[in-house]
Amino acid sequence: MVRRVEGSLGCALLLLGACCPALALRHVEQRQLPPGWGRVINFPDVVLMSLGHSGTTALTRALWNLGLGHCNAGLDGWLEPGEAHEERVKHIRALLSIGGQADMRAYKLEPWTMRAAEDWLRTLSRHQAGCIAMSGSKLTADYVWGWKEPQFVYLMPAMQRAYFNHTKFLLVARDPRDICTIPDGDAGQLKNYGDLFGDQTDCYGWWAKVWNMVLDEYEGSSQFAIVRIEDLVAPDPGSSNSSREVLKCVLRYVGLKEQPEGIASALASIAGNMSVQLGRFAGAQALEAQDGADKPHGFYQKPHWKPQAQGPPHKEKQRPTLTPDEEALRDFHDYSSSYADARGPGDGTSDIEKKVASRTDIHYAMQRLGYNPTKYALTAPSSWSVCRV
């Protein structure tokens, strides 16, 4: 019966849109489904997104272990990978080329383009829900499920419409000096959509423009939150209260129960996945080159990771024994430091740091997210959408 209601609504809006598309759009925007209907019609509870390689995979896997329902076949499991990629790019470019703005005002210029994206998004959702059901899980009132797809950051207005404002958006942020210096750090987004934001070669400009655009539109929305990946991997995945509290903030927002016994392992999982990700980018040679590093680099220092200050006279200095969690976090910082020459020493003297500090648009986006534009460090974000302690 619910599906018939949805179909009837779709037919009514189709007829209404044929004579008065603007009125049809306003009707969809204002309509809210009764409590629980979104789950019955198979809408995701949360979608994780990001600009480039920001750690969405690491966080998503941790959330799986903490109870987030998902489809093991992937988001486009019924399509060939190449076809699935083309579908995403097609809809995203079609919507962005209307006005280049991640808000309803731009997308209203072409309602049929928006409607095509909505239909496609509902198809994705139905396949995901069906996949979950086939695995034996039931989409009950307390079952929280979703997926991650970084590129969907450009589809938030379409998802709002397609899922009747049921779905929460969780964006994973990362310092642009990492995004724009690690190999393929933009994950192909700059190549696919950079021309729609000005310049395909200006990674920092693209990063700032999209973040400012998204924050301008969604800041203050109860369906929108941001987490910085740096907050989840430092200073220590096993004992840091700050990392624990930030992850708890994420869990509360998503709607998952806090599991004290699972928090530490989830944080260690995030740090481990991030180190593997960076290691894959660097390649086997870079991994070998980093072996033997004695201290973490980047945001935080942990004194007990340093070599022992004084050993027996007849022995060389001994490297301390690290737990698996500590090794994972150390690796994250060590692999990040592989790109320190390109990113800058962190004291504001490199060309990149000077460029970032001098560009108003980049400076503003970093300030809103809590990245110090004059040196490589975290600071208090001005955006209240960022999960914080």
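Reading the sequence shown from the start, the letters are residues -24 to -1, 1 to 365 in mature numbering (1 follows the signal peptide of the UniProt record, and there is no 0).
All C-beta atoms in this analysis are idealised placements derived from N, C-alpha and C, irrespective of residue type, glycine included.
This one's a predicted model, so the numbers in the text were calculated from it and none came from an experiment.
By the Cβ test, the region 43 to 50 is not in contact with the region 196 to 209, since fewer than three Cβ pairs between them sit closer than 8 Å.
Residue state for Leu27 is assigned as coil, using DSSP reduced to three classes. With 16 or more other Cβ atoms from the protein chains shown falling within 10 Å of its own Cβ, Ser26 counts as buried.
In the three-state reduction of the DSSP assignment, Val222 falls in the helix class. In the three-state reduction of the DSSP assignment, Ala93 falls in the helix class. Counting only residues of its own chain and dropping the five nearest sequence neighbours on each side, Gly231 has a CB closer than 7 Å to the CB of Asp21, Val120.
Measuring C-alpha to C-alpha distances from Val148 to each of Gln343, Ser30, Arg364 identifies Ser30 as the nearest. Listed in chain order, the beta strand (DSSP E) runs fully inside the region 132 to 176 are 144 to 149, counting runs of at least 3 residues.
Secondary structure of Trp123 (DSSP, three-state): strand.
Distances from the alpha-carbon of Ile68 to those of Trp360, Pro133, Leu354 put Pro133 closest. Within the same chain, Gly28, His29, Asp154, Ile155 come within 7 Å of Gly161 by CB-CB distance, once the 5 residues on both sides are set aside. A direct Cα-Cα distance of roughly 39 Å separates Ser334 from Gly122. Across the structure, Tyr194 and Phe200 are spaced so that their CA atoms are roughly 6 Å apart. Membership of Ala201 in the beta strand (DSSP E) is indicated by the continuous run 200 to 204. Put simply, the backbone Cα of Ser113 is about 18 Å away from that of Leu100. Here Ala341 is not near Asn168, since their CB atoms are 8 Å or more apart. Its Cα nearest to that of Asp337, the residue Trp183 stands out among Trp183, Ile202, Leu223, Ser358.
Residue environment: Lys331 is assigned as exposed (fewer than 16 neighbouring CB atoms within 10 Å of its CB, all protein chains considered).
In the three-state reduction of the DSSP assignment, Gly196 falls in the coil class. Residue state for Leu227 is assigned as helix, using DSSP reduced to three classes. Residue pairing for Val365: DSSP places it in no beta bridge. Only residues of its own chain outside the window of five on either side were considered, and among them Ala38, Asn41, Leu42, Leu223 have a CB closer than 7 Å to the CB of Ala242, listed in chain order. Judged by DSSP secondary structure, Leu345 falls within the alpha helix (DSSP H) whose first and last residues are 336 to 345. Within the model, the alpha-carbon separation for Glu221 versus Lys144 is close to 20 Å. Classified as buried, Ser245 has 16 or more neighbouring CB atoms from the shown chains inside 10 Å of its CB. Under the three-state reduction of DSSP output, Gly43 falls in the coil class, being neither helix nor strand. Your pair Leu51 and Gln104 checks out as a contact, with CB atoms roughly 7 Å apart and the cut at 8 Å. In this structure, the beta-carbon distance from Arg150 to Met90 does not fall below 8 Å. Pairing Leu227 with Ser73 gives a Cβ-Cβ distance that is not under 8 Å. Separation of Ala109 and Gly196 (C-alpha to C-alpha, rounded to the nearest whole angstrom) is 34 Å. With a 10 Å radius around the Cβ and a threshold of 16 neighbouring Cβ atoms, Val365 comes out exposed. Separation of Leu115 and Trp88 (C-alpha to C-alpha, rounded to the nearest whole angstrom) is 31 Å.
Comparing C-alpha distances from Ile328 to each of Thr32, Glu62, Gly346, Thr350 shows the shortest one belongs to Thr350. Distance between Leu97 and Lys66, taken at the CA atoms: about 13 Å. By the neighbour-count definition (other C-beta atoms within 10 Å, threshold 16), Ser219 is a buried residue. Taking C-beta atoms under 8 Å as the contact rule, Ile202 and Val362 qualify, at a distance of about 5 Å.
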